[in-house]
Structure formats: structure tokens, C-alpha cells
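**Q** Questions regarding the structure given below will be posed in turn.
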């Protein structure tokens, strides 16, 4: 087979989910034509989605060397370098986009603002908000559902291509797809089944958690289910028609804490401040198989 035929076969195998064959065909094509930019770019992209960061970085950098104007190659190199904590290479990649990343404090925190991040596990996806630290990393500020295998304050590595939009302060902001958990926070997710007569006790719980560097989130209030078309575009009005049925006394509240002892200290302070609240059950949220769907916050 010619190099072009091998490239076509690689893409066909990739689309079919035959990843070993995809890699074999790409590498065979590269052996026949070692200096083709698109082959190195495709391999860098393929290895990125396989989380083979050293391989992704090598081929993405080679694609950028062969074509300095290949922005996709530079961005993928930046992601892979970030995954490997190769900060000097990451800084060189971001410089191609005019983004300066000082290396005096590592890991960097460029304070790039809030961004929605989509976490996909199998057929299930969830969009959470995160504080963007640099072009490829963001720290989660929501409490994800357990099926997402992520926690409050985890730092995720994310892709650079927008895949949908959400609204923040009246502006449309792009959704980026998570690629991997870059650093775990070490926190666990606990869920309270409780009764509250008004939002005030839950606001107090949130304040008490924030003072401790933790998070409490009323899942009853903050979750929306979106169809795939709206999720990967911009949510439309039909998702907002039944969002406010009035206050419901029964609440499902997630709390991020390091362990049960830390959780109990927080709940003791909460009950002292809000004695009318009734906590009916407490359990740790653990991932289970879930039906296809998407949540957004």
C-alpha cells in the first residue's frame, strides 16, 4: 500500500474504533514518507486521545517543525507538554498563540477565568464549571456527579477546541472537553438527604464549607439535563421551561470533604447555626453505571 492508502486506512480504522490498526497504518505511512506534516499531526492527535502524552508531544512538535503555521500541532504539543509537566515546552507552544506563560512559579496559574468543562465517561457526560489555570488545565469548582470520576478541586487537562457554549454573565463562553484528571484534590463527595424550609440554611452550609476551603452544592437546584444538540451547541429555551417549580423542602445536597470526620465537623457547625434543618440520610457518592444522558450546571 502507498502512504496515501495507509493514511486512508488509518482513518477508516480510527472511525471504526480499531485503535491498534489505526496506529499500525499511521506508522507504516510514516515509514514510507517520514516528513509529511499531516501524518505527524494525525499521530499527535491520535496519541492525545489515547493519553500517550510523550508520543503525542513528539509527533505534534515534529508537525510544528515541518509547518510552523500549523496551529493545531502547536496546541496539541502544549496539551501534551502540560500533561508531562514539561513547562518550558508548554510555554513555547502557547507562545505561538501570543500567550505568555511565566515559569517563575510552577505549576503556572494564569487566572484565565471561569470555563465550562465537559467530562465524558462512556455514554454519559456532565458539564461542570472550572477555574482555568492555563490553556490546557482547569480546576473544578462544582461538585461533579460520582459517575464522572472527578471531584471538587480536581485539576483536569482539557482539549482546546470549543464543543458547545454556556452563558456566563450574559456572555457565551466555550465548553472544552476534559481529557484526563491532571491532579486529584484528594476530596470525596458526600450527599445529604435533608429537609430545609427555605434556601437560607443551604446558603449557610455553602458559606461554612467555603470558609473551610470546601464546597457544598444543592444538586436539587443546580442541575439541568440537556439534549445532545443543545449540549454541544447553546442550550435553548425549551430546557428552561420547568426549571422553577417553587421551593421544595426535600433537598439533595452534595458536600466535598476529605473524610467523614471533616464532614461531621462541618455538619455540627451547620446544625448549630441552622437547628431547624433535618438531615435524614448521609452517604458517600460512589460511581455506578448510569443511563445515557448529560447534566449541566
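Residue numbers (the numbering used here): 352 to 648. Beta carbons: idealized from backbone N, C-alpha and C, even for Gly.
Quick check: what's the CA-CA separation for residue 451 versus residue 532?
**A** Translated into the one-based positions of the chain shown, residue 451 becomes position 100. Translated into the one-based positions of the chain shown, residue 532 becomes position 181. When rounded, the distance between both Cα atoms is 24 Å.
**Q** I want to know whether the stretch 512-529 touches the stretch 549-560 - three or more CB-CB distances under 8 Å.
**A** As far as the Cβ criterion goes, the stretch 512-529 does not touch the stretch 549-560, which means the pair count is below three.
**Q** Between the alpha carbons of residue 397 and residue 356, how many angstroms are there, rounded?
**A** Taking the chain shown and counting its residues from 1, the one referred to as residue 397 is at position 46. Taking the chain shown and counting its residues from 1, the one referred to as residue 356 is at position 5. Looking at the two C-alpha atoms, the distance is approximately 18 Å.
**Q** Residue 390 lies in the alpha helix (DSSP H); which residues open and close that run?
**A** In the chain shown, counting from the first residue as 1, residue 390 sits at position 39. 388-400 is the extent of the alpha helix (DSSP H) around residue 390.
**Q** For the stretch 444-464 against the stretch 493-503, do three or more pairs of beta-carbon atoms, one drawn from each stretch, fall closer than 8 Å, so that the two count as touching?
**A** No: the two stretches stay apart, fewer than three of their Cβ pairs being nearer than 8 Å.
**Q** Near residue 418, what residues of its chain come up, given a Cβ to Cβ distance below 6 Å and the 5 sequence neighbours on each side ignored?
**A** Locating residue 418 in the chain shown gives position 67, where the first residue counts as 1. Closer than 6 Å at Cβ, skipping near neighbours: 388.
**Q** Which residue comes first and which comes last in the beta strand (DSSP E) that contains residue 522?
**A** In the chain shown, counting from the first residue as 1, residue 522 sits at position 171. From DSSP, the beta strand (DSSP E) with residue 522 extends over 522-525.
**Q** Please classify residue 429: is it buried, with 16 or more other beta-carbons within 10 angstroms of its beta-carbon, or exposed?
**A** Locating residue 429 in the chain shown gives position 78, where the first residue counts as 1. Residue 429 should be labelled buried.
**Q** Nearest by alpha-carbon distance to residue 440: which of 401, 516, 409, 613 is it?
**A** Position 89 of the chain shown holds residue 440. For the residues 401, 516, 409, 613, the minimum Cα distance to residue 440 belongs to 409.
**Q** My output table needs one value for residue 652: the three-state DSSP class, helix, strand or coil.
**A** The requested residue 652 does not occur in the structure, where the chain is confined to residues 352 to 648.
**Q** Just list the beta strand (DSSP E) runs in the stretch 435-518, keeping only unbroken ones of 3 residues or longer that don't cross its boundaries, in chain order.
**A** Runs of the beta strand (DSSP E) inside the stretch 435-518: 465-472, 475-485, 488-491, 506-509.
**Q** I'd like to check one pair, residue 604 with residue 553: are the Cβ atoms closer than 8 Å?
**A** As a working note, residue 553 is residue 202 in the chain shown. As a working note, residue 604 is residue 253 in the chain shown. Against a cut-off of 8 Å, the Cβ pair of residue 604 and residue 553 comes out as a contact.
**Q** Can you tell me whether residue 520 is buried or exposed? The criterion is at least 16 other CB atoms within 10 Å of its CB, across all chains shown.
**A** Here the question's residue 520 lines up with position 169 in the chain shown. Label assigned to residue 520: exposed.
**Q** For residue 539 versus residue 509, is the C-beta spacing smaller than 8 Å?
**A** On the chain shown, residue 539 is found 188 positions in, with the first residue counted as 1. On the chain shown, residue 509 is found 158 positions in, with the first residue counted as 1. No, these two residues do not count as a Cβ contact at 8 Å.
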